[in-house]
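Using UniProt numbering, the first residue of the sequence shown is number 1, and each one after it goes up by one. Glycine included, each C-beta is placed from N, C-alpha and C at the ideal position. Quick caveat, the model's predicted, so the values are computed rather than measured. Structure, as structure tokens:
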Amino acid sequence: MNEGKIIKYYREQSGMTQEQLGRGICSTTHISKIELGQTHYSAEIISLVAERLNINIKEEINTFETVKQELDQWLYAMIMERTQEIEAIKSKFETSKVIEISEYHSYYQLLLARYYLLHENNKKACDIIRTIEGCETSLPPYENSLYKHVRGILFLKNQEYQQAIEILKSIDNEMYNNPEYYYHLAIAYDANDAKHMAYSCAQEALQFFKETSNFLRIIDVEMLLLILKSQDKHHDFKDRRRKYEALIQSCELCHTVARKACVLHNLALEYFIMKDYETAGKLYKQSIDLKDKKSGKYLLSLEGYIQSCLRKKRSSLSELLDLAHEGIGIAEDMNAPLYVYLLTLTTFLIKKEHVKYYTYLNDHALPFFKLSGHVYLVKRSAKELFNYYSKIGQFKKAVDLAKPVMNYQN
């Protein structure tokens, strides 16, 4: 009986014994049986006990009985990114601790981890996941899949793409009725250079977001699809540019600054690849101006901006060097080695220390990219090193580089 569970919880929280709670109301034995759900009891007794515990028993019972429905609603709000609703539901759970004695406590914990990931608080999310790790097989099937989804998102946040793929693709889609995870799987596949799988998963996610009229997440998938299409030599850039411009307008209509910054970054990268460094630099700068400095996304755009300015050959080298060092400092404070490596490489290019650049790339950056599963960076770095070693006549080093990268690709 739910009243008994609620009474026991609040009694223990208050530090009362069963005898103290029942004094003047009923016997200690009766309190014990109420808590264990082993006896019938009158509404008057429950009312008096609740008054002594200073709780509204009707509200507590209602919360207890609607926990699952409200947790489902909280997850849906997070998928839809409805900020006010997300915070309102979280506050409601925080004011009533009945969730701790319900059968959905693990469900709540997983959603709390998801909440922290949404707010870029990876440490708190990781702490929650650790409390569940090792016991996930005992979770109900739906919660087991939710655990895999949340952990997959955490892997993505940490740029551990292969691990993200392995855990996300093990989700039981029939049991876990939340196709949103296809979007996160698509990101992991793209980062791991599995373009066909990324495209397939992105289409699954897009269909789900369209069916639920989730316009913010539609923007996310459309961005990813443009990235994938940019790698198709037969796809027309003018058509992609029009779609980028349409996405920027959509971001402005939806008042989503972070997404606009991402679209600008991705478009900047396209111009950079086409060697239009003037336009790329302008777009990277627009993206930087919209981002939080203490974020990986800011540092990635900063690296692109410095690289573009360096290739324009009209920028102050000392200013670019200052920007690179500032970025390295931010990355070190964030404990984000990926950006430390990328920005350190730019400092060598700015100072025209090419031997140091290739030595650092070979001895430090490339091993890290391999270890972390950054397939695109592995291939890009290996290609640079192959060309460099071939140019200086170190053909054995060039061949040694080519073989493992070909295996890595397979």
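- For a cut-off of 8 Å, the C-beta gap from A205 to Y161 is around 17 Å, too long to register as a contact.
- If you draw a straight line from the Cα of Y142 to the Cα of M274, it comes to about 46 Å.
- A Cβ-Cβ contact shorter than 8 Å links Y284 with S308.
- The Cβ atoms of L185 and K210 do not sit closer than 8 Å to each other.
- Your pair I306 and T279 does not check out as a contact, with CB atoms roughly 16 Å apart and the cut at 8 Å.
- In the three-state reduction of the DSSP assignment, M175 falls in the coil class, being assigned neither a helical nor a strand state.
- Between the alpha carbons of Y358 and I350 lies a gap of roughly 13 Å.
- DSSP places I99 outside any alpha helix (DSSP H), giving it a letter other than H or E.
- In the three-state reduction of the DSSP assignment, L139 falls in the coil class.
- Taking 8 Å as the cut-off, the Cβ atoms of E270 and R240 count as close.
- Going by DSSP, R52 is part of the alpha helix (DSSP H) stretching over 43-53.
- Taking a contact to require three or more Cβ pairs closer than 8 Å, the stretch 2-15 and the stretch 93-102 qualify as touching.
- Contact annotation: the stretch 63-79 touches the stretch 109-118, with at least three C-beta pairs closer than 8 Å.
- Across the structure, I153 and P337 are spaced so that their CA atoms are roughly 19 Å apart.
- 8 Å or more divides the Cβ of S390 from the Cβ of A365.
- Counting the other CB atoms within 10 Å of its CB gives V49 a total of 16 or more, which places it among the buried residues.
- Non-local beta-carbon contacts of Q109 in its own chain, meaning distances under 6 Å to residues more than five positions away in sequence, involve I128 in chain order.
- Sequence-distant Cβ neighbours of S315 in its own chain, meaning closer than 7 Å and more than five residues away, are C309.
- Take the alpha-carbon of Y176 and the one of R52: they are about 43 Å apart.
- Within the UniProt repeat "TPR" (261-294), the runs of alpha helix (DSSP H) that reach at least 4 residues and sit entirely inside it are, in chain order, 277-289.
- Burial state of I392 is exposed, judged by a 10 Å Cβ sphere holding fewer than 16 other Cβ atoms.
- Note on E120: under 16 other CB atoms within 10 angstroms of its CB, so exposed under the neighbour-count rule.
- In the three-state reduction of the DSSP assignment, I25 falls in the coil class, being assigned neither a helical nor a strand state.
- For S318, the enclosing alpha helix (DSSP H) covers residues 317-334.
- Of the candidates S102, Q38, V263, T131, the residue whose Cα lies closest to the Cα of E65 is S102.
- Under the three-state reduction of DSSP, M78 is assigned to helix.
- Apart from the 5 residues on each side of it in sequence, F215 sits with its Cβ closer than 7 Å to the Cβ of C254 in its chain, given in chain order.
- Minimum Cα-Cα distance from K243 among the listed residues L156, L224, V257 corresponds to L224.
- If you ignore the 5 residues before and after L377, its C-beta comes within less than 6 Å of the C-beta of F369, all in its own chain and listed in chain order.
- Less than 8 Å divides the Cβ of G22 from the Cβ of H30.
- With respect to the 8 Å criterion, S301 and H265 are classified as neighbours on the basis of their beta carbons.
- According to the DSSP assignment, M223 belongs to the alpha helix (DSSP H) that extends over 215-230.
- The C-alpha of Y183 is placed about 14 Å away from the C-alpha of K157.
- As the crow flies, the alpha-carbon of D289 is around 43 Å from that of Q394.
- In this structure, L343 lies near G327, with their beta-carbon atoms less than 8 Å apart.
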